[in-house]
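Input: a single structure, listed below in structure tokens.
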Amino acid sequence: MFHIDWLQFTPLPALAGGALIGLASGALALGAGKIAGISGILGSALSDASRRTRPQGWRLAFLAGLVCASFAWAMLAPVPGADYSAPWPVVVIAGLLVGFGTRLGSGCASGHGVCGLSRLSLRSLVAVGTFMSTAIATAVLTRHL
753 MFHIDWLQFT PLPALAGGAL IGLASGALAL GAGKIAGISG ILGSALSDAS
803 RRTRPQGWRL AFLAGLVCAS FAWAMLAPVP GADYSAPWPV VVIAGLLVGF
853 GTRLGSGCAS GHGVCGLSRL SLRSLVAVGT FMSTAIATAV LTRHL
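Residues in the sequence shown are numbered from 753 upward in steps of one, following this note's numbering.
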């Protein structure tokens, strides 16, 4: 189970990360006219590969940057008090469920929140409202009842 020691939580790295996500999604939208929805970028790259066509280079570079930056951050500044002790089968099943949910919801929660809401998308507003209310209900049920 993933656990964070909230006594050691520092908001500045979270704020910096959020600002970088906003900058990257804004730069991609303004510079290339593309939406930085990770599930869409990954899905398009995989569908291109399955059709045996070469995925667009920007998609591969964007995905590689996400993976490399995540590993670099984990090595240089690990989350204080983080515990990654979930068994691999649970992690794989959870990942598949998240992947199914992103296809069903036409994008992930952060993609709808960062990219969709900034474009004033009604679909993203409904999606974010659904995600947030479900998350709140789940937290209440699992933690307090």
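Note that CB positions come from ideal geometry on N, CA and C, so glycine has one too.
Model, not experiment: these values are computed from the prediction.
>> Distance check for Leu812 and His896, CA to CA, integer angstroms please.
In response: 43 Å
> So, is the C-beta of Ser873 closer than 9 Å to a C-beta in chain C?
Replying inline: No chain C appears in the structure shown, which is made up of a single protein chain.
> With 16 as the cutoff for other CB atoms within 10 Å, does Val866 come out buried or exposed?
Replying inline: Buried, because 16 or more other Cβ atoms sit within 10 Å of the Cβ of Val866.
> Does DSSP put Leu872 in a helix, a strand or coil?
Replying inline: coil
> How is the alpha helix (DSSP H) around Ile845 delimited, first residue to last?
Replying inline: Trp840 to Leu856
>> Any contact between the segment 863-882 and the segment 780-788? By contact I mean 3 or more CB pairs, one from each, below 8 Å.
In response: The segment 863-882 vs the segment 780-788: in contact.
> Cys867 by DSSP, collapsed to three states: which one?
Replying inline: helix
>> Closer than 8 Å is the cut-off here; do at least three beta carbon pairs connect the segment 839-847 with the segment 766-785?
In response: no
> Under the rule that 16 or more other beta-carbon atoms within 10 Å means buried, what is Cys820, buried or exposed?
Replying inline: exposed
> Can you list, in chain order, the residues of its chain whose CB lies under 8 Å from that of Val892, leaving out five sequence neighbours each side?
Replying inline: none
>> I'd like to know whether the C-beta atoms of Arg855 and Gly795 end up nearer to each other than 9 Å.
In response: yes
>> For Leu815 and Ala776, I'd like the C-alpha separation in whole angstroms.
In response: If you take the alpha carbons of Leu815 and Ala776, they lie about 12 Å apart.
> When the distance is taken between beta carbons, is Gly859 closer than 9 Å to Ser885?
Replying inline: no
>> Please classify Gly747 as buried or exposed, where buried requires at least 16 other C-beta atoms within 10 Å of its C-beta.
In response: Residue 747 falls outside the range modelled here, since the chain spans only 753 to 897, and no answer is possible.
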